[in-house]
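Same order as they appear, the protein sequences are chains A and B. Take 1123 as the starting number for the first sequence in our numbering and just add one per residue. Take 273 as the starting number for the second sequence in our numbering and just add one per residue. Where is the CB? At the ideal position from N, CA and C, for every residue including glycine. Written out below as C-alpha cells is the structure these notes cover.
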Amino acid sequence: MPSITDLEKVQAIGLLSGFEKIRPRRWRGFTTPENIRLLAEHLRRLGAHLSAITCIDEGSEFVLIYHFDFDGELLNVHVRIPKAIASLLSISEIYPAADFYEREVSEMFGIVFEGARRERLLLPDDWPSGEYPLRRW
Amino acid sequence: MTETTIRLPFGPYHLALEEPFRVNLEVEGERVKSAKVRIGYAHRGIEYILQRRRWYEGLRIVERVCSICTQAHSQCYAQGVEELAGVEVPERAKWIRMVVAELNRIESHLLLLGVLAHKAGFDTLFMYTWYAREKVMDALEILTGNRVQYAINVLGGVRRDIDGDVKAVIRDKLSEAVRALNRYEKTFLHDRSLRSRLSEVGVLTKEEARRLCVVGPVLRGSGVEWDIRRKDPYLAYSEVEFDVVVRDEGDAYARAAVRLGEVHESAKIITQALERMPEGPISAPLERVPQGSVTSRVEAPRGELLYHIVSGGGETPERVKIRTPTLPNVRALEYILVGYQVADVPVIIGSIDPCISCEDR
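Here you go:
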C-alpha cells in the first residue's frame, strides 16, 4: 500500500509545490500544466489511486483538481490553466480511469486534453460544438 | 478490424440492462475483441442544478442522483457542507445515519445479487433474494417513512429519532432478512450451474484493478483491502467492529461473494449501532456556509463516492463535483470484457453493478 510520506521524493524533484496538510487525512499540493503528466507517472509508480478530476471555472482561469488517494490520505493536486489556452496533457495513458474524467471535463468546460480520446461521453450526439454547460462568463 | 469482425451494440436498451447505457462490442466469432462504453443516456445535469439551489435544497437533489445509493449521496453532501460550516453533528445523529446507511447498503447489495441471478438465468433465486430485500425495505420505511429516498438527513443531523419500538422492528426485519439470505446463500455460493456461469468470468487481477482505479466490491473482489469506512472513517465507523470482506479470485463469482459477505457485515454494524447508540439531541443548527472548499468521501454500496464542494460564502454552492463509484468501474469494463464470450457479457456487466443514473448524474 502506498504511503503519503513517499511524496517527499516527488517534492524533491520539484514536481509538487506548496505541499501541506489542511485537514485530517486531507492534503493539498500544486503543480504546473507541463508537469502534470510527469507527476502522474511518479504517483502511479508510488501506487496512488486516482479518485477524480474536478474542474472549477474561476473566470479567467480554470482550476483542475486531481484527487489522489494514498491508502486513505487524500491529496488534492491543483493545476491552474488560463482560459485562453484551455489545454493540457492527458494522463489517461498512465491512469486509464482518467480517460472518462478528462472527457467529462472537456465536454463540460471545453478544456482540451492532449492525447485523450475525442469521443462524446455524456452529452447527446447532436449537442452543438462550442457550447459547454458548466462554463461561466 | 478484419473481415470476420462484427460490430455489436449492447444497449442502450437491452433485456439484460435495467438502465440505459451502451457498450459497443467488436466480436469475432463468439469472442469479444474490443469494447467501448458510451454513457450519458440518463444525464440530468445535477451538478449544474446544484449551483442554482440553496444549500438545504441541494440535499434533496443529491438524494435523487440515484435512488439505490441515496443515503450515500445524502451523507456525502451533508458531511461536506457540515465540515465547511464547522458544525459538529450530534453523536446520536451519526449513529442513526449509520444505521440508515447500512440498511441502504444491504438493500442495494440484495438488489444486485437478485439481478445477477436473473442475468445468469436463475429467476427463482432472484425472487427469493428480493423477498429478503423487501424485509429491509420495510425496516427502512418504518424508520424513515420512505422506501426509497429516505430524506432522513438534514444539514446538521437527522430528521427522525429511533425509539424503542422502531428498534425492535428493525431488529425483527433484519434478522428475518438475514435468515432468509442464509438459506439462499448456499445456493449462491455452491450451486453448480450458477457457479459455472460466474466463476472465471470477467477476471480482473489485483494489479490491473489497482491500475484501473476501480472501487468498492469490484476492487475488493480482486484482493485489495480498501474500504473508505476503514481507510477514511466517517460517522461512527471507527467505533464499531466489522470486517472488510476481500476475495482473491477477481471474477464475477468473487464480486458476488464480497457483496454477500458485506450484507452480513452491515447487519453486524446495525446490530451494534442499535445497542450502543448514545442518547442526546439528533440535530444541530446550521446557519451559514462560509467560503471554502472541501472534499468529502463515503463508501457507497458500489464503492468510493467523492464530492468536491466549493462555497463562495453565498446562499448556493459555487460548484459541487460528484464522482460516483460506477464511473471508474464502468470504464474498467472496456478492459474486463475483452476475451470473453458474448453470452457472458450480461453477467460481467451485472457483476460490476453499474448504477447508471449515478454514473450519468
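Query: For the region 1172 to 1189 of chain A, which residues have a beta carbon sitting closer than 9 Å to at least one beta carbon of chain B?; Result: L1172, S1173, A1174, I1175, T1176, C1177, I1178, D1179, I1187 and H1189
Query: For chain A, find out if any of its Cβ atoms is closer than 7 Å to the Cβ of Y456 of chain B; answer yes or no.; Result: no
Query: Pair every Cβ in the region 1163 to 1176 of chain A with every Cβ in the region 1124 to 1141 of chain A, then say whether three or more of these pairs are closer than 8 Å.; Result: yes
Query: Starting from R531 of chain B, trace the alpha helix (DSSP H) in both directions and tell me its first and last residue.; Result: A524 to R548
Query: Under a Cβ-count criterion, where at least 16 other Cβ atoms within 10 Å of its own Cβ denotes burial, should D625 of chain B be classed as buried or exposed?; Result: buried
Query: Can you name the residues of chain A whose CB is closer than 8 Å to the CB of R336 of chain B?; Result: Those do not exist, as R336 of chain B stays about 18 Å from chain A at its closest Cβ, beyond 8 Å.
Query: Can you tell me where the alpha helix (DSSP H) holding R467 of chain B begins and where it ends?; Result: R464 to L470
Query: Excluding the 5 residues flanking E571 of chain B on each side, which residues of the same chain have their C-beta closer than 6 Å to its C-beta?; Result: D499, I500 and R501
Query: Please go through the same chain and pick out, in chain order, the residues whose beta-carbon is closer than 6 Å to the beta-carbon of P553 of chain B, but skip the five residues on each side of it.; Result: P362
Query: Should V614 of chain B and V295 of chain B be called a contact, given that it needs their Cβ atoms to be closer than 7 Å?; Result: no
Query: So, are the CB atoms of E1163 of chain A and I1216 of chain A less than 7 Å apart?; Result: yes
Query: Verify whether the separation of the beta carbon atoms of L1211 of chain A and R1159 of chain A is less than 7 Å.; Result: yes
Query: What does K503 of chain B touch in chain A if you count any residue whose Cβ is under 9 Å from its own?; Result: R1147, D1191, D1193, G1194 and E1195
Query: Just the C-alpha distance for R431 of chain B and A365 of chain B, rounded to the nearest angstrom, thanks.; Result: 9 Å
Query: Would Y456 of chain B be called buried (16 or more neighbouring beta carbons within 10 Å of its own) or exposed?; Result: buried
Query: Please report the residue range of the beta strand (DSSP E) in which V619 of chain B lies.; Result: Taken as a continuous stretch (DSSP letters only), V619 of chain B belongs to no beta strand (DSSP E), being part of the alpha helix (DSSP H) at V617 to I624.
Query: Which same chain residues, not among the five before or five after S471 of chain B, have their C-beta less than 8 Å away from its C-beta?; Result: E521, D523, A524 and Y525
Query: Residues in the region 570 to 590 of chain B with C-beta within 8 Å of chain A's C-beta atoms, listed in sequence order?; Result: E576, L578, H580, V582 and E590
Query: Based on Cα-Cα distance, which residue from B:V619, B:L383, B:R310 and B:K458 lies nearest to R1242 of chain A?; Result: B:R310
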